[in-house]
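Notes to accompany the following structure.
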Amino acid sequence: LWSFGNNEFGQCGNGEHGDLNLSTIDCVVSEPYKVMDNVKHVYYSRWRAVYAVTENGDLYGWGCNDCDLFLQDGEKTMYSGPEHSVHTTPVFIMSGVKEVVYSGNFNTACLAIKEDDSLWAWGTNAYGELGNGTLPNADNFGLAALSQLLMKNAAEFFEPVKILDGVKRYVGCQGSFQFAEMLDGKVMYWGLDYLVVDEDDDWDFQSSWNDLLYEKHYIIPTPIEFS
488 LWSFGNNEFG
498 QCGNGEHGDL
508 NLSTIDCVVS
518 EPYKVMDNVK
528 HVYYSRWRAV
538 YAVTENGDLY
548 GWGCNDCDLF
558 LQDGEKTMYS
568 GPEHSVHTTP
578 VFIMSGVKEV
588 VYSGNFNTAC
598 LAIKEDDSLW
608 AWGTNAYGEL
618 GNGTLPNADN
628 FGLAALSQLL
638 MKNAAEFFEP
648 VKILDGVKRY
658 VGCQGSFQFA
668 EMLDGKVMYW
678 GLDYLVVDED
688 DDWDFQSSWN
698 DLLYEKHYII
708 PTPIEFS
């Protein structure tokens, strides 16, 4: 695996990083740098974290480690805060991994399919994306309320937990429902969604682009079968 380009958060894996300020580009790797050997898959999250699975199923991470998704017992820094946790070279996360399938909204959650076809999840559960049975600690499940958990560093963090066995592939979304296709052909789903309701019903969101549109959000906390 080779890397080059913007290395502000150490995402090139060469032992260096910039000033962690997105308004500057003060750390660039201009020549390809060899990060690792024996890499089977590599995943780059939209929030400056890199994950790689080796040929023998070891999962590594480097770059921005907000929410301690690399599982290094570090501080739970958040993308919205002034401080960030970074690892400028690959650190071991877990073994027996087949695929890293999700690095969620603002890089606050991870899901991985292991070699035994089990699906594991860790990080924040602000949108019910972990499917671990725990609901977010919010007054309501409207997007504004849930997003505030992340913005104010008030989201709860979870260690890896197995949420499904017999998973073929993950086909989920970023911040709403998550879907997984099972080996037996079933489709399971969980997470955040909403219903469109009338104004005189119970609602937690009014559209800014359509003043006649009202929504009531809800969370399915553990995977159920999609029919």
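Residue numbers (the numbering used here): 488 to 714. Built from N, CA and C at the ideal position, the CB exists for glycine as well.
Legend entry - Residues bridged to Phe-541 (per DSSP): Along the sequence shown, read from residue 1 onward, the residue named residue 541 stands at position 54. In the sequence under discussion, the amino acid at residue 541 is Thr, which differs from the Phe named in the question. Thr-541 has Val-526 as its beta-bridge partners, per DSSP.
Inset, instruction - Just list the beta strand (DSSP E) runs in the region 588-667, keeping only unbroken ones of 3 residues or longer that don't cross its boundaries, in chain order. - result: Those beta strand (DSSP E) runs which fall completely within the region 588-667 and span 3+ residues are 596-601, 606-611, 644-651 and 654-657.
Inset, instruction - Have a look at Arg-535, Glu-495, Leu-682 and Gln-665 and flag the residue whose alpha-carbon is nearest the alpha-carbon of Glu-616. - result: Position 129 of the sequence shown, counted from the first residue, corresponds to residue 616. For the residues Arg-535, Glu-495, Leu-682 and Gln-665, the minimum Cα distance to Glu-616 belongs to Gln-665.
Inset, instruction - Determine the contact status of Leu-546 and Ile-580, defining contact as a CB-CB distance below 9 Å. - result: In the sequence shown, counting from the first residue as 1, residue 546 sits at position 59. In the sequence shown, counting from the first residue as 1, residue 580 sits at position 93. Going by C-beta atoms, Leu-546 is nearer than 9 Å to Ile-580.
Inset, instruction - Would you kindly work out how many angstroms separate the C-alpha atoms of Val-658 and Val-584, rounded to a whole number? - result: Against the sequence shown, residue 658 aligns to sequence position 171. Against the sequence shown, residue 584 aligns to sequence position 97. Their backbone Cα atoms lie some 17 Å apart in a straight line.
Legend entry - Coil, strand or helix - Asp-698 by DSSP: Translated into the one-based positions of the sequence shown, residue 698 becomes position 211. In this structure, Asp-698 counts as coil in the three-state DSSP scheme.
Legend entry - Rounded straight-line distance, which links the Cα of Phe-593 to that of Lys-703: Within the sequence shown, the letter at position 216 stands for residue 703. Within the sequence shown, the letter at position 106 stands for residue 593. Going by the C-alpha atoms only, they are around 23 Å apart.
Legend entry - Same chain, Cβ closer than 7 Å to Asp-689, neighbours up to 5 away in sequence not counted: Taking the first residue of the sequence shown as position 1, residue 689 is located at position 202. Within the same chain, and ignoring the five residues on either side of Asp-689 in sequence, the residues whose Cβ sits closer than 7 Å to its Cβ are Lys-703.
Legend entry - Rounded straight-line distance, which links the Cα of Leu-507 to that of Pro-569: The residue you call residue 569 lines up with position 82 of the sequence shown. The residue you call residue 507 lines up with position 20 of the sequence shown. In a straight line, the C-alpha of Pro-569 is about 9 Å away from that of Leu-507.
Legend entry - Asp-680 - DSSP class collapsed to helix/strand/coil: Counting from 1 along the sequence shown, the entry for residue 680 is found at position 193. It is a strand residue.
Inset, instruction - Check each candidate in Asp-685, Arg-533, Glu-602 and Ser-532 and name the one with the smallest Cα separation from Lys-655. - result: Here residue 655 is taken as the residue at index 168 of the sequence shown, counted from 1. The option with the nearest alpha carbon to Lys-655 is Glu-602.
Inset, instruction - Ignore the nearest five residues each way along the sequence and tell me which others in Ile-711's own chain have a CB closer than 6 Å to its CB. - result: Working through the sequence shown from its first residue, we reach residue 711 at position 224. Cβ neighbours of Ile-711 within its own chain (closer than 6 Å, five residues either side excluded): none.
Legend entry - Burial state of Leu-556 (16 or more Cβ within 10 Å): For the purposes of this step, residue 556 is taken as residue 69 along the sequence shown, with counting starting at 1. Residue burial annotation: Leu-556 is buried, with at least 16 other C-beta atoms found within 10 angstroms of its C-beta.
Inset, instruction - Would you kindly report the start and end of the unbroken beta strand (DSSP E) that includes Thr-438? - result: A query on residue 438 cannot be resolved here, the shown segment of the chain reaching from 488 to 714 and no further.
Legend entry - Own chain, CB closer than 8 Å to Pro-708, minus 5 neighbours either side, in chain order: Along the sequence shown, one-based indexing puts residue 708 at 221. Correct list, in chain order: Gly-615, Gly-618, Asn-619, Gly-620, Thr-621, Leu-622 and Trp-677.
Legend entry - Cβ separation of Val-526 and Cys-499, assumed to be a contact under 8 Å, to the nearest whole Å: Locating residue 526 in the sequence shown gives position 39, counting from the first residue. Locating residue 499 in the sequence shown gives position 12, counting from the first residue. With 8 Å as the limit, Val-526 and Cys-499 do not qualify as a contact, their Cβ atoms being about 14 Å apart.
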